[in-house]
Amino acid sequence: MQDPDVLIIGMGPVGAILANLCARDGLRVMVVERDYEVYKQPRAIVMDHEVLRQMNFIDCAEDVLACSEPGRGYSFLNADREILTQRSAPDAIAPTGYAGSNLFHQPSMEKAVRAKLELLDTVEIRLGVEFIALHQDADSVLTTFRLPDGSLQEVKAKYLVGCDGGRSLVRRYLDIQMEDLNFNEPWVVVDVKLLNDEHGLSDNAVQLCDPARPTTSVPSGPGRHRWEFMVQPGETAETVTRHDVLTEWISAWTDPRNIELERSAFYRFHGLVAKQWRKGRAMIVGDAAHQMPPFMGQGLCAGARDVCNLAWKLSAVDRAEAPLEFLDTVEDERSPHVKAITESAIAMGKTVCVTDPDEAAARDAKMIEDHRSGAGFAFPGVPRIKRGVLQDKMAGAVFPEGYTGSKDAPERLDSLVGYVPLLVLRDAEGLNATQEAAIAELNRASANLRVAALQGAKGDIVAMLDPHGDVANALGADPAMLVKPDRIVFGQGSCQKLAAGWTRYLSGELIIDH
Numbered sequence: 143m144q145d146p147d148v149l150i151i152g153m154g155p156v157g158a159i160l161a162n163l164c165a166r167d168g169l170r171v172m173v174v175e176r177d178y179e180v181y182k183q184p185r186a187i188v189m190d191h192e193v194l195r196q197m198n199f200i201d202c203a204e205d206v207l208a209c210s211e212p213g214r215g216y217s218f219l220n221a222d223r224e225i226l227t228q229r230s231a232p233d234a235i236a237p238t239g240y241a242g243s244n245l246f247h248q249p250s251m252e253k254a255v256r257a258k259l260e261l262l263d264t265v266e267i268r269l270g271v272e273f274i275a276l277h278q279d280a281d282s283v284l285t286t287f288r289l290p291d292g293s294l295q296e297v298k299a300k301y302l303v304g305c306d307g308g309r310s311l312v313r314r315y316l317d318i319q320m321e322d323l324n325f326n327e328p329w330v331v332v333d334v335k336l337l338n339d340e341h342g343l344s345d346n347a348v349q350l351c352d353p354a355r356p357t358t359s360v361p362s363g364p365g366r367h368r369w370e371f372m373v374q375p376g377e378t379a380e381t382v383t384r385h386d387v388l389t390e391w392i393s394a395w396t397d398p399r400n401i402e403l404e405r406s407a408f409y410r411f412h413g414l415v416a417k418q419w420r421k422g423r424a425m426i427v428g429d430a431a432h433q434m435p436p437f438m439g440q441g442l443c444a445g446a447r448d449v450c451n452l453a454w455k456l457s458a459v460d461r462a463e464a465p466l467e468f469l470d471t472v473e474d475e476r477s478p479h480v481k482a483i484t485e486s487a488i489a490m491g492k493t494v495c496v497t498d499p500d501e502a503a504a505r506d507a508k509m510i511e512d513h514r515s516g517a518g519f520a521f522p523g524v525p526r527i528k529r530g531v532l533q534d535k536m537a538g539a540v541f542p543e544g545y546t547g548s549k550d551a552p553e554r555l556d557s558l559v560g561y562v563p564l565l566v567l568r569d570a571e572g573l574n575a576t577q578e579a580a581i582a583e584l585n586r587a588s589a590n591l592r593v594a595a596l597q598g599a600k601g602d603i604v605a606m607l608d609p610h611g612d613v614a615n616a617l618g619a620d621p622a623m624l625v626k627p628d629r630i631v632f633g634q635g636s637c638q639k640l641a642a643g644w645t646r647y648l649s650g651e652l653i654i655d656h
């Protein structure tokens with residue numbers, strides 16, 4: 143492929159999802175990756191309901207479900223394995239139609255995402271290719287690569303996106319600095335296969351708040367388990383990854399004969415957010431733009447949200463529906479969201495990573511008292527998006543999944559309409575001239591807009607089922623709601639209000655704190 147629209151550096155899960163979304167939205171994509179194969183060991187293990195719903199846009203949700211299991215509860219224990227606090231998993235699925243948390247096997251997921259890419263004619267995959275440099279002008283980015291035979295090649299693209307991880311060369315080349323959120327703790331991560339059902343391990347994620355060795359124990363997908371052990375002063379990466387050391391630590395949880403060690407890796411858990419995400423026509427997302435400790439299981443989720451926010455905006459700019467500067471809304475909307483989640487994960491980490499016995503005893507006493515009194519620990523959730531949305535009741539929240547078909551055999555609305563802006567009407571019957579003019583304005587602003595209605599659907603308006611009442615509850619008394627392609631609610635109210643707001647948003651004028 144010569145001169146792709148979008149050149150993606152890095153084909154980990156974030157880069158592969160972005161390539162899928164861009165290609166399905168009409169862009170020609172080249173994605174390059176230094177390695178030849180999917181990394182064989184699990185890294186991320188949690189995918190929440192919002193991101194699993196986004197995977198449905200690239201026909202991969204069922205593949206993820208095939209290699210995952212629903213997340214259960216979350217328990218904090220002291221050194222004596224006494225409950226400090228705990229949270230049970232909700233019995234019901236989320237309004238997106240998926241379990242709130244899903245524990246999955248990343249290599250299996252990545253293979254599925256890549257397989258979908260290989261079916262798309264507008265995607266070229268280049269493996270064994272190393273990014274060297276980039277130069278850009280007002281219209282394009284010229285990128286230099288080293289090919290597998292050692293020769294150099296240049297590729298010109300309209301846009302470049304660095305999805306090349308925490309050590310991002312794209313970020314370094316663009317000279318983008320990171321904001322340090324002041325958390326930097328050494329841990330060793332251990333992944334195992336479960337060989338039988340005699341392991342006796344909890345279905346819950348467990349934080350063992352033992353000052354001698356803070357430890358995380360968590361299921362990591364069907365037939366797998368993960369431990370994370372905090373590294374103490376004086377210990378080295380070499381000593382804490384020795385098989386005999388890990389076997390001794392694991393034996394406090396299960397008989398080592400019940401497991402097969404898959405991998406161990408030394409990490410520094412830290413919190414970093416890029417101070418800038420875009421320079422000209424080049425951008426960074428995912429781990430290249432932010433890193434967070436794993437205590438909320440949101441690292442991969444954050445990267446997936448980034449690219450679901452970005453891909454449709456690249457298409458909008460390419461179709462001249464928005465100016466190049468519209469791409470700055472990715473950072474404006476995503477960076478504060480990522481930072482808020484990272485700060486929550488750090489707060490959880492600081493609760494766990496107490497190594498002073500006296501401080502740990504004081505923490506334990508307070509948490510036990512709060513737990514017994516019913517006050518409990520404030521488990522943080524994923525916040526709403528607060529920028530780039532109207533100041534309405536549901537603005538910035540995740541839109542509930544709607545359905546089509548019959549009540550006896552409902553099908554996901556997302557599967558029908560796809561990754562596009564969505565206008566949801568309470569009742570499409572008898573739309574007046576002003577409302578129809580507003581819908582026409584929305585169609586002019588976003589040519590791929592789809593319209594669905596709970597009642598009175600006709601013509602191009604899709605009839606929407608709402609079996610659980612989630613969509614009606616979100617609408618409240620309002621006649622309409624506008625939803626971004628990543629299924630974040632833009633706003634609600636009259637069609638005229640939404641059309642005016644959307645037009646201003648695409649022009650770059652509308653960036654509002656919610």
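Sequence positions in the sequence shown follow our numbering and run 143 to 656. We put the CB at the ideal spot given by N, CA and C, even for glycine.
Round the Cβ separation of residue i and residue j to the nearest angstrom and send it over; I've been treating them as touching at under 8 Å.
i	j	result
I581	L596	Actually they do not touch by this definition, with Cβ atoms about 16 Å apart.
A616	P542	6 Å
S588	N198	Contact doesn't hold; Cβ gap of about 21 Å is too wide.
L276	A424	6 Å
G547	V631	That belief does not hold up - the Cβ atoms of G547 and V631 are roughly 24 Å apart, past 8 Å.
A622	R568	7 Å
Can you tell me whether residue i is buried or exposed, with buried defined as 16 or more other CB within 10 angstroms of its CB?
i	result
R366	buried
Y181	exposed
Y545	buried
P465	exposed
N400	buried
S477	buried
K455	buried
R505	buried
G601	exposed
D205	buried
D397	exposed
L261	exposed
L289	exposed
Taking DSSP as the reference, what is the three-state secondary structure of residue i?
i	result
H656	Summary for H656: the model assigns pLDDT 49, below 50, so the residue's position carries little reliability, and this model does not support an answer.
L149	strand
H412	strand
W644	helix
P249	helix
G598	coil
A341	Looking at the sequence shown, residue 341 is not Ala but His. DSSP places H341 in coil when its eight states are reduced to three.
C443	helix
Q183	coil
S210	strand
Y561	coil
L194	helix
Q295	strand
P590	A small fix is needed here, since residue 590 is Asn in this sequence, not Pro. N590 falls in the coil class under three-state DSSP.
G215	coil
F521	coil
Within a Cβ cutoff of 6 Å, which residues of the same chain sit near residue i, ignoring the five residues on either side of it in sequence?
i	result
K253	V180
G439	V188
R592	V559, V562, L564
P356	M372, V494, C495
G239	E543
D333	P184, R368, E404, R405
D190	S243, C443
I603	A570, V593, A595
E583	A641
V283	L276, A299, L302, R423, A424
Going by the beta-carbon positions, is the gap between residue i and residue j smaller than 8 Å?
i	j	result
Q228	S243	no
L169	D147	yes
M509	F521	no
A416	A221	no
A241	G213	yes
V156	V449	yes
R410	E327	yes
K421	L311	no
G643	L532	yes
L259	L452	no
G441	A158	no
Below 7 Å CB to CB, which residues in the same chain sit around residue i once its five sequence neighbours on both sides are set aside?
i	result
L336	G365, R366, H367, N400, I401
F468	K455, A458, V459, L648, G650
Within the same chain, show all residues whose beta-carbon is closer than 8 Å to that of residue i, passing over the 5 residues directly before and after it, in chain order.
i	result
P249	V180, Y181, K182, Q183, P184
D498	P353
W395	L343, S359, W369
T383	V330, S406, A407, F408
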